[in-house]
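2 protein chains.
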Amino acid sequence: MPAPTTAEATASSQPTAGNGLERLYTTDLASEIEFLTARARSLGSGRANNMLAELDLKVRSYSVLSLACSGQNPSQRELADFLSLDPSQIVALVDQLEKRGAVTREADPRDRRSKVIAPTAAGRRLFKRAEAIIRQASDQSLAQLNDQERETLRDLLRRIAF
Amino acid sequence: MPAPTTAEATASSQPTAGNGLERLYTTDLASEIEFLTARARSLGSGRANNMLAELDLKVRSYSVLSLACSGQNPSQRELADFLSLDPSQIVALVDQLEKRGAVTREADPRDRRSKVIAPTAAGRRLFKRAEAIIRQASDQSLAQLNDQERETLRDLLRRIAF
DNA sequence: AAATATGATTGACTTTTTCAATCATATGGG
DNA sequence: CCCATATGATTGAAAAAGTCAATCATATTT
Numbered sequence: 001m002p003a004p005t006t007a008e009a010t011a012s013s014q015p016t017a018g019n020g021l022e023r024l025y026t027t028d029l030a031s032e033i034e035f036l037t038a039r040a041r042s043l044g045s046g047r048a049n050n051m052l053a054e055l056d057l058k059v060r061s062y063s064v065l066s067l068a069c070s071g072q073n074p075s076q077r078e079l080a081d082f083l084s085l086d087p088s089q090i091v092a093l094v095d096q097l098e099k100r101g102a103v104t105r106e107a108d109p110r111d112r113r114s115k116v117i118a119p120t121a122a123g124r125r126l127f128k129r130a131e132a133i134i135r136q137a138s139d140q141s142l143a144q145l146n147d148q149e150r151e152t153l154r155d156l157l158r159r160i161a162f
Numbered sequence: 001m002p003a004p005t006t007a008e009a010t011a012s013s014q015p016t017a018g019n020g021l022e023r024l025y026t027t028d029l030a031s032e033i034e035f036l037t038a039r040a041r042s043l044g045s046g047r048a049n050n051m052l053a054e055l056d057l058k059v060r061s062y063s064v065l066s067l068a069c070s071g072q073n074p075s076q077r078e079l080a081d082f083l084s085l086d087p088s089q090i091v092a093l094v095d096q097l098e099k100r101g102a103v104t105r106e107a108d109p110r111d112r113r114s115k116v117i118a119p120t121a122a123g124r125r126l127f128k129r130a131e132a133i134i135r136q137a138s139d140q141s142l143a144q145l146n147d148q149e150r151e152t153l154r155d156l157l158r159r160i161a162f
């Protein structure tokens with residue numbers, strides 16, 4: 001990030017602060033919810049990925065690990081549907097997590113085609129650490145919102161995301 | 001039918017209804033704002049891209065076109081910063097729009113390295129049509145929220161996106 | 001039992017992202 | 001004014017992510 005002469009003018013010291021970009025903040029595009037959503041997630045997942053890097057994880061693999069640790073015994077198909085990913089991407093993600101000993105593919109007695117993704121003990125430990133990092137990252141990304149605003153945001157997003 | 005689990009579905013409420021996926025809605029991950037943001041934007045931009053396809057545009061090119069039409073005379077560097085894209089991606093985007101006669105690269109008298117992206121008359125017409133489509137797409141994606149809720153969402157997102 | 005559908009997997013292919021290098025032009029310091 | 005350094009646009013390469021079709025094993029339907 002460049003550090004222009006006099007950074008930090010207002011409290012809004014996130015990215016793009018202090019340059020001449022405020023001009024574009026007033027455009028119609030900058031007010032579109034879809035645009036803001038895309039930008040928020042870009043900033044958020046960027047930061048989360050950076051911080052998760054120390055665990056050699058990304059938001060994607062963290063999501064899979066999190067669901068594996070959820071107690072809901074998700075199958076790969078369910079992971080694909082829930083995460084809006086192609087089944088082949090789930091294969092790759094699970095391969096990596098399995099290779100590092102974080103999860104296992106368990107047979108589903110009720111459908112032998114299906115593989116349930118379960119965490120190992122090491123996987124649970126990894127998840128605990130990742131969870132803490134994600135919490136920090138999220139906290140930084142949402143720094144401008146108080147708890148109640150975060151609750152409101154969560155609820156609104158939930159209604160358009162599900 | 002290309003999109004797996006993305007748009008499509010019935011125009012009404014909850015997609016992914018009726019399968020066994022509700023189970024995962026209760027997980028911690030499903031309550032994380034960052035996860036919901038990612039999912040909302042995935043659904044939203046998926047739908048918008050589908051609908052913009054008839055104009056041979058995507059959300060990306062629409063964004064560039066929109067900023068070009070904003071009256072703010074953005075340079076490519078500013079587009080890159082504002083859209084969080086690599087400068088080389090802007091080159092490609094502008095190339096396409098320029099090739100189809102929607103925008104031009106104007107010299108900036110104050111900095112001859114810089115190129116200001118300006119719309120042509122045809123570009124403005126294209127933008128008008130795209131804007132209408134984006135409005136429809138957005139309206140569908142936000143169907144679960146009333147006007148006031150949309151305002152609230154917009155404001156909350158703006159605060160974390162800028 | 002046969003036909004059909006589904007979950008996981010592989011491989012090919014396209015698109016998107018990310019980086020390093022280059023050229024032209026600006027800018028700041030002697 | 002000249003030099004060193006920084007920046008905007010561009011290209012090209014490489015990595016990552018997303019899309020698709022085909023296959024195998026197992027379920028389900030008829």
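Chains as they are written, first to last, in the UniProt record's numbering: chain R, 1 to 162; chain G, 1 to 162. Idealized CB from N, CA, C, for every residue including glycine.
Going by DSSP, which residues form a beta bridge with serine 31 (chain R)?
According to DSSP, which records beta bridges pairwise, serine 31 (chain R) is partnered with nothing at all.
Using 10 angstroms around the beta-carbon of glutamine 76 (chain G), count the other beta-carbons present and answer buried if the total reaches 16, otherwise exposed.
buried
Classify arginine 159 (chain R) as helix, strand or coil using the three-state DSSP reduction.
helix
Along chain R, which residues have their Cβ under 9 Å away from the Cβ of alanine 53 (chain G)?
Going along chain R, no residue has its Cβ under 9 Å from alanine 53 (chain G), so there is no contact; the nearest lies around 16 Å.
Can you give me the Cβ contacts of serine 66 (chain G) inside the same chain, cut-off strictly under 7 Å, excluding the 5 residues immediately before and after it?
Closer than 7 Å at the Cβ level, and outside the excluded window around serine 66 (chain G), lie Phe127.
What would DSSP say about alanine 107 (chain R), mapped onto helix, strand or coil?
strand
What number of angstroms, rounded off, separates the C-alpha of leucine 79 (chain G) from the C-alpha of glutamate 131 (chain G)?
Separation of leucine 79 (chain G) and glutamate 131 (chain G) (C-alpha to C-alpha, rounded to the nearest whole angstrom) is 18 Å.
Taking its Cβ as the centre, do 16 or more other Cβ atoms sit within 10 Å of threonine 26 (chain G), making it buried, or is it exposed?
exposed
Where the beta strand (DSSP E) through alanine 118 (chain G) begins and ends:
115 to 119
Would you mind working out which of R:Pro109, R:Phe162, R:Val103, R:Ala143 sits nearest alanine 40 (chain R), comparing C-alpha positions?
With respect to the C-alpha of alanine 40 (chain R), the residue from R:Pro109, R:Phe162, R:Val103, R:Ala143 having the closest C-alpha is R:Ala143.
Over the uninterrupted alpha helix (DSSP H) stretch that includes alanine 53 (chain R), give me the two end residues.
Neither: alanine 53 (chain R) is in no alpha helix (DSSP H) and is coded neither H nor E.
Compile a chain-ordered list of the residues in the stretch 130 to 153 of chain R whose CB is closer than 7 Å to at least one CB of chain G.
Ser138, Ser141, Leu142, Gln144, Leu145, Glu149, Arg150, Thr152, Leu153
By the 10 Å Cβ neighbour count, where 16 or more other Cβ atoms means buried, how is glycine 20 (chain G) classified, buried or exposed?
exposed
Would you mind stating whether serine 42 (chain R) and serine 42 (chain G) have Cβ atoms separated by less than 7 Å?
no
Against glycine 123 (chain R), what residues of chain G qualify as contacts under a CB-to-CB distance less than 7 Å, listed in chain order?
The contacting residues do not exist; glycine 123 (chain R) stays about 15 Å from chain G at best.
Can you find the residues in the same chain that come closer than 6 Å, C-beta to C-beta, to isoleucine 90 (chain R), ignoring five residues on each side of it along the sequence?
Gln76, Leu79, Ala80
Per the contact definition of three or more C-beta pairs closer than 8 Å, is the stretch 136 to 151 of chain G in contact with the stretch 103 to 110 of chain G?
Flag = no, the stretch 103 to 110 of chain G and the stretch 136 to 151 of chain G do not touch.
So with Cβ pairs under 7 Å, would you call methionine 1 (chain R) a contact of chain G?
Residue placement at methionine 1 (chain R) cannot be trusted, given a pLDDT of 34 that sits under 50; the coordinates are not used to answer.
Does the beta carbon of residue 167 (chain R) sit closer than 7 Å to a beta carbon anywhere in chain G?
With chain R covering only 1 through 162, there is no way to say anything about residue 167 (chain R).
Residue interval of the alpha helix (DSSP H) (run including glutamine 96 (chain R))
Note, glutamine 96 (chain R): alpha helix (DSSP H), 87 to 99.
Can you tell which of G:Ala102, G:Leu153, G:Ala161 has its C-alpha closest to the C-alpha of alanine 121 (chain G)?
G:Ala102
Using beta-carbon positions only, say whether isoleucine 33 (chain G) and arginine 154 (chain R) come within less than 7 Å of one another.
yes
When you measure from the CB of glutamate 54 (chain R) to every non-hydrogen atom of the ligand ATP, does any distance come out below 6 Å?
Because no ligand of any kind appears in the structure shown, any question about the ligand ATP cannot be addressed here.
Quick check on the DSSP output: the alpha helix (DSSP H) that includes arginine 112 (chain G) runs from which residue to which?
Element bounds for arginine 112 (chain G): n/a, residue is neither H nor E.
Identify, in the order they occur along the chain, each residue of the same chain with its Cβ nearer than 8 Å to the Cβ of proline 74 (chain R), setting aside the five sequence neighbours on each side.
Leu67, Ala68, Phe82, Val116, Ile117
Around the C-beta of proline 87 (chain G), are 16 or more other C-beta atoms found within 10 angstroms, so that it is buried, or is it exposed?
exposed
So, with DSSP's three-state summary, where would you put serine 70 (chain R)?
coil
Under the three-state reduction of DSSP, which class applies to serine 84 (chain G): helix, strand or coil?
coil
Kindly say whether glutamate 106 (chain G), judged by its beta-carbon, lies nearer than 7 Å to any beta-carbon of chain R.
no
Nearest to leucine 145 (chain G) by CA position, among R:Ser61, R:Leu36, R:Ala161, R:Leu145, is which residue?
Closest by alpha carbon: R:Ala161.
Can you pull the chain G neighbours of isoleucine 33 (chain R), defined as C-beta to C-beta under 7 Å?
Ser138, Leu142, Arg150, Leu153, Arg154, Leu157
So proline 74 (chain R) contacts chain G; which residues on that side make the cut at Cβ distance below 7 Å?
Leu24
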